[in-house]
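A.B. asks: Got a structure for you, written out below as structure tokens; questions coming shortly.
See below:
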């Protein structure tokens with residue numbers, strides 16, 4: 041197989057910025073929790089959101105500042121974000137300015153709804169920011185699925201989008217929304233994520249049934265630890281208006 045073509049490359053660096061507002065991780069789940077841990081280790085303040093009380097409690101048990109945010113149900117984002125951020129502030133955030141959600145750089149990890157061809161969740165957040173005349177730096181975690189079936193060819197960020205499923209169309213719609221966003225938006229087109237808890241090790245050891253080969257074709261992947269590094273590098277060094285493919289290339 042020939043070598044892959046050159047692609048956009050991000051180089052991470054230290055993200056200790058004590059004078060900046062805390063990073064807001066919207067959809068702080070499998071990947072977001074690891075990003076938050078890394079930031080905390082480097083002395084950076086971070087606030088994670090989750091849609092359920094159980095998930096919020098899980099984040100708090102990790103020692104993270106967390107608040108509940110449901111982009112389907114919350115009708116007043118000023119209340120659900122702004123007031124919750126005020127309540128969530130502690131001494132570690134005291135020197136970072138007003139608890140305003142639009143002052144925080146945003147890592148957006150929340151997926152679109154499971155149906156339809158658009159992403160109303162992202163639309164609601166962007167409408168909220170627009171209404172407040174704010175445009176923070178925003179890194180969006182998307183998917184390589186927006187390219188569609190490329191028949192095994194190497195794909196760069198310049199490859200045209202050709203989503204072949206409603207799931208991919210929802211992601212393509214999110215990218216379209218971000219093209220109209222007034223702030224600095226960086227798009228990550230992420231391959232399938234693997235890592236601790238996402239490998240069928242127990243099933244294999246237990247000789248449990250696995251998928252037939254035709255149900256598990258070759259696909260691009262990225263380890264969650266590498267994805268964490270890319271998310272941080274994108275927030276720090278990503279070029280606004282740029283999309284980056286995120287895969288291990290294997």
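In the working numbering, the protein residues as written are 41 to 290. Note that CB positions come from ideal geometry on N, CA and C, so glycine has one too. All figures in this text were calculated on a predicted structure; none of them were measured in a lab.
1) Could you tell me which residues DSSP puts in a beta bridge with residue 89?
2) What does the Cβ neighbour count give for residue 287, buried or exposed, with the cut at 16 atoms within 10 Å?
3) CB residue 216 to CB residue 184, shorter than 7 Å?
4) Among the candidates 210, 225, 112 and 221, whose CA atom is the shortest distance from the CA of residue 67?
5) Rounded to a whole number of angstroms, what is the C-alpha to C-alpha distance between residue 181 and residue 88?
6) So which of 74, 98, 86 and 152 has the shortest CA-CA distance to residue 110?
7) Comparing C-alpha positions only, which one of 279, 232 and 237 sits nearest to residue 290?
8) Expressed to the nearest angstrom, what Euclidean distance is found between the alpha-carbon atoms of residue 92 and residue 114?
9) Would the region 147-161 count as touching the region 193-200 if we require 3 or more Cβ pairs under 8 Å?
10) May I have the straight-line CA-CA distance separating residue 134 from residue 263, to the nearest angstrom?
11) Less than 7 Å between the C-beta atoms of residue 64 and residue 144, yes or no?
12) Mind reading off the beta-carbon distance from residue 158 to residue 210? Whole number of angstroms is fine, and I expect it under 8 Å.
13) Identify the continuous beta strand (DSSP E) that holds residue 283 and give its terminal residues.
14) Specify, as a first and last residue, the run of the alpha helix (DSSP H) that residue 171 falls within.
15) Could you tell me the boundaries of the beta strand (DSSP E) in which residue 61 lies?
16) With 16 as the cutoff for other CB atoms within 10 Å, does residue 116 come out buried or exposed?
C.D. replies: Concretely, from the data shown:
1) 66 and 107
2) buried
3) no
4) 112
5) 15 Å
6) 152
7) 232
8) 12 Å
9) no
10) Only weak support exists for where residue 134 lies, its pLDDT of 48 falling under 50; the coordinates are left without a value.
11) yes
12) 6 Å
13) 283-286
14) 160-171
15) Note, residue 61: premise wrong, no beta strand (DSSP E); not H, not E.
16) exposed
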